[in-house]
Amino acid sequence: MGHSHDHTGHGHGHDHSHEHGHGHGHGHGHGHDHDHHHPNTELDAATTAALDESIPDQDLSPTELSRRGLLRSAGILGGAAALAVSGAEFAAATSPTGHVFTSGGRPNVWLAGDHHIHTQLSSDGMYRVIDQAQHAAANGLDWLVITDHGGATHARIGVDLVNPQIKAARAELKNTLIFQGLEWNIPAAEHGTVFVAPGSREVEVLKQFENGYDGSVKNAGANTPANEQLALDGIQWLGRQVDQRRVADALFLANHPARNGIDSPHEIRNWRDADPRIAVGFEGAPGHQAGGLPAGIGAGGARGLYGNAPNANSFPGYPAESYRTWGGFDWMTSTVGGLWDSLLAEGKPWWISANSDSHVNWNETSRRPDGSDQAQFDRDGRYMDPVYSRTVNRTAADFFPGYYSRTHVGADNRDYRAVMEGLRNGRVWVDHGALVKAVDMEVRETGKTHGEPLGGALHVRRGRAIELVIRITAQNVPNWANFTPSLNRVDAIVGAVKGAVSDKDTFTAPDTKVVKQWDTSGKRGTFELVLPLGKADPENPFYVRVRGTDGNRSQVGYLGAAIDPAGPQLDVVGDADPWADLWFYTNPIWVLPTK
1 MGHSHDHTGH
11 GHGHDHSHEH
21 GHGHGHGHGH
31 GHDHDHHHPN
41 TELDAATTAA
51 LDESIPDQDL
61 SPTELSRRGL
71 LRSAGILGGA
81 AALAVSGAEF
91 AAATSPTGHV
101 FTSGGRPNVW
111 LAGDHHIHTQ
121 LSSDGMYRVI
131 DQAQHAAANG
141 LDWLVITDHG
151 GATHARIGVD
161 LVNPQIKAAR
171 AELKNTLIFQ
181 GLEWNIPAAE
191 HGTVFVAPGS
201 REVEVLKQFE
211 NGYDGSVKNA
221 GANTPANEQL
231 ALDGIQWLGR
241 QVDQRRVADA
251 LFLANHPARN
261 GIDSPHEIRN
271 WRDADPRIAV
281 GFEGAPGHQA
291 GGLPAGIGAG
301 GARGLYGNAP
311 NANSFPGYPA
321 ESYRTWGGFD
331 WMTSTVGGLW
341 DSLLAEGKPW
351 WISANSDSHV
361 NWNETSRRPD
371 GSDQAQFDRD
381 GRYMDPVYSR
391 TVNRTAADFF
401 PGYYSRTHVG
411 ADNRDYRAVM
421 EGLRNGRVWV
431 DHGALVKAVD
441 MEVRETGKTH
451 GEPLGGALHV
461 RRGRAIELVI
471 RITAQNVPNW
481 ANFTPSLNRV
491 DAIVGAVKGA
501 VSDKDTFTAP
511 DTKVVKQWDT
521 SGKRGTFELV
531 LPLGKADPEN
541 PFYVRVRGTD
551 GNRSQVGYLG
561 AAIDPAGPQL
571 DVVGDADPWA
581 DLWFYTNPIW
591 VLPTK
């Protein structure tokens, strides 16, 4: 794989476009026992056994095996013990089930959601929880996470105050999964979503986390080694709360990672490796997508509010272009062969999401009431409820949850734990403006009926023929801008798995490129795109991911035409209409040939 992708290049794509009804209701459950977390009493013994490399994997208990997988993925156990794929160490994150890259059939249900939403308990927010949740449900979301800003006021009182609102919204909207989380000021870095599975101690754990590890609370924003370590300590602390069963599950995803240039490549890698069960990804596309609407219609600012420049804490290696969105997506994700691909090329999971980051929404007709100001917020921990304003706010940068950005999670069933497990396992694709109705894909041995779904890894014997199968259902109903989008093109992107990088500040993957582009204009219903991926070669493990576009705005990719002949365009500050530039992106699937 490393030297050449020619084996994929011929994929003139058997452009099968069967108009059949491959839905997503395939009932191939993964069969894991979901009660997979261990009481604290087991930890010391389990860790001791896991660290003793003289004990083979098959002699360990499930608890010990899970612990060993975690230690490997964190780099604590040597490469000899880690899953090696012909020299390319595939130190894969282990889910709490103890599986390396949870394998299984396609998800039973796809659930659309948003993990980055603010309320009146954020110093720059306005809405009640029920306001955001009702709009999310009306806009077609199945799940959402309330993530008010971490900080002194929130840590003191906000975590407690929002919980009754969340519980009331759960009772009112019984078909909507509403998580409590917070937007973490990551020490030495940007913001991130942290959230937990609902339970009797959700408030207690979130409050303890924020007081102990929030960069604002701890005055730990500066780019120092001690502050970077505090972030890693926070991630590992969350893992311990799961192990001790204080909460059933916890996740962390980094938000708007390139916006200020302060999430360095080594920090992102270190978050991931600190506890791969907890730190699972970053926003492939930020919220604030209305920010680039031209003046007169909107604010005339930067799409995603990505209008910044380097500051004292920024990573000096990032170019000026990284501070802007590209087709609405973060530069780390939108650049083929860029930072996201450099993470994937290590053979370790790291997933993308897309969210609203809703604070105050475009075309809003409400406002905070008179007298509800910063002093009142600091005293009460929340603004007073919004009131009707008799005006229209055309300069706000946000959309309500589900109105524009969606994160689609493949889950075993419709519940909180299943959504979190789907996110952890990378069963995720994202889109803007309801570009398509459904996306499902798998990599399989040619001729077989089932393969590995999104986020999975296909273990296949040397010489077997492999293919990528993408099933897309074209959009046939209008989106919230009241037009029906048209998918113009789909691209397959393939990258070589090279193993861990020697320099953790690497942010390119030279062996990743677009290998196939399909013209999908005019396609209707559900259709398949099939790409032959050549024969399995243990010397060349790789991954494949997919994106699609309405075709309205493209340019040669940031790393050149040989890597990406027609990628997203850099968004222009003051003139970036989000509805005229729609994309979807999937997470990857790995191919790990064996001898």
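The UniProt record's numbering puts the first residue of the sequence shown at 1, with every later residue one more than the last.
From the three backbone atoms N, C-alpha and C, an ideal C-beta is built for every residue, glycine too.
Among the options, nearest to residue i - alpha-carbon criterion
i, options, result
"A279", "D412, R424, W110, N361", "R424"
"N223", "V217, E190, Q236, I563", "E190"
"N482", "H408, D571, L570, A580", "A580"
"A133", "V217, G560, F400", "F400"
"R106", "V439, D380, A354", "V439"
"H256", "W326, G495, S372", "W326"
"N361", "M332, G402, P187", "G402"
"V242", "D263, P198, A500, N270", "P198"
"S342", "F179, R269, G298, Y383", "R269"
"Y383", "I157, A258, G69", "I157"
"G529", "T506, R324, E467, S356", "Note that residue 529 is Leu in the sequence shown, not Gly. The residue with the shortest Cα to Cα distance from L529 is E467."
"R547", "K523, D511, P588, A576", "P588"
"R245", "V196, G284, I235", "V196"
"K535", "D564, R461, G426", "R461"
"N313", "A561, I352, D263, S334", "D263"
"T446", "G456, P453, G455, A465", "A465"
Per DSSP, cross-strand counterpart(s) of residue i
i, result
"Y306", "Partner(s): none; Y306 has no beta bridge."
"A547", "One detail in the question is off: residue 547 reads as Arg in this sequence, not Ala. Its beta-bridge partners are D491, Y585."
"residue 596", "Since the first residue of the chain shown is 1 and the last is 595, residue 596 is not available in this structure."
"K448", "Answer is none; K448 lacks a bridge partner."
"residue 601", "This structure gives no information on residue 601, because the portion of the chain shown stretches from 1 to 595."
"V443", "E452, L468"
"T506", "T506 is not bridged to any residue."
"A438", "T473"
"S554", "P568"
"N393", "E364"
Residue i and residue j closer than 8 angstroms at C-beta
i, j, result
"F282", "L253", "yes"
"Q475", "L435", "yes"
"G296", "V573", "no"
"V430", "R406", "yes"
"R471", "L458", "no"
"S358", "I186", "no"
"I130", "A169", "yes"
"W184", "G150", "yes"
"V469", "P541", "no"
"W583", "H432", "yes"
"E210", "L182", "yes"
"N355", "D505", "no"
"L141", "A112", "yes"
"P276", "G304", "no"
"L533", "E321", "no"
"W271", "L230", "no"
"A258", "D330", "yes"
"G381", "L206", "no"
"T335", "G557", "yes"
"L339", "P265", "yes"
Residue span of the alpha helix (DSSP H) that contains residue i, given as start and end
i, result
"D380", "374-380"
"F209", "202-213"
"I268", "265-274"
"W429", "Per DSSP, W429 belongs to no alpha helix (DSSP H); it is in the beta strand (DSSP E), 428-432."
"D233", "225-243"
"E421", "416-424"
"T333", "331-334"
"L293", "Per DSSP, L293 belongs to no alpha helix (DSSP H) and is neither H nor E."
"S342", "339-344"
Range covered by the beta strand (DSSP E) that runs through residue i
i, result
"S353", "351-354"
"G150", "Per DSSP, G150 belongs to no beta strand (DSSP E) and is neither H nor E."
"G192", "191-196"
"P532", "526-535"
"D131", "Note, D131: premise wrong, no beta strand (DSSP E); alpha helix (DSSP H) at 129-138."
"T520", "Taken as a continuous stretch (DSSP letters only), T520 belongs to no beta strand (DSSP E), as it is neither H nor E."
"E183", "177-185"
"E467", "465-474"
"L458", "457-461"
"R406", "405-411"
"E283", "279-285"
"I166", "No beta strand (DSSP E) holds I166; the alpha helix (DSSP H) holding it covers 159-172."
"A250", "250-254"
"A112", "109-117"
Proximity test, Cβ basis, 8 angstroms: residue i and chain B
i, result
"A137", "Reference to chain B is not applicable here, since this structure consists of a single protein chain."
Any non-hydrogen atom of the ligand COA within 7 angstroms of residue i CB
i, result
"N175", "No copy of the ligand COA occurs in the structure displayed, which carries no ligand at all."
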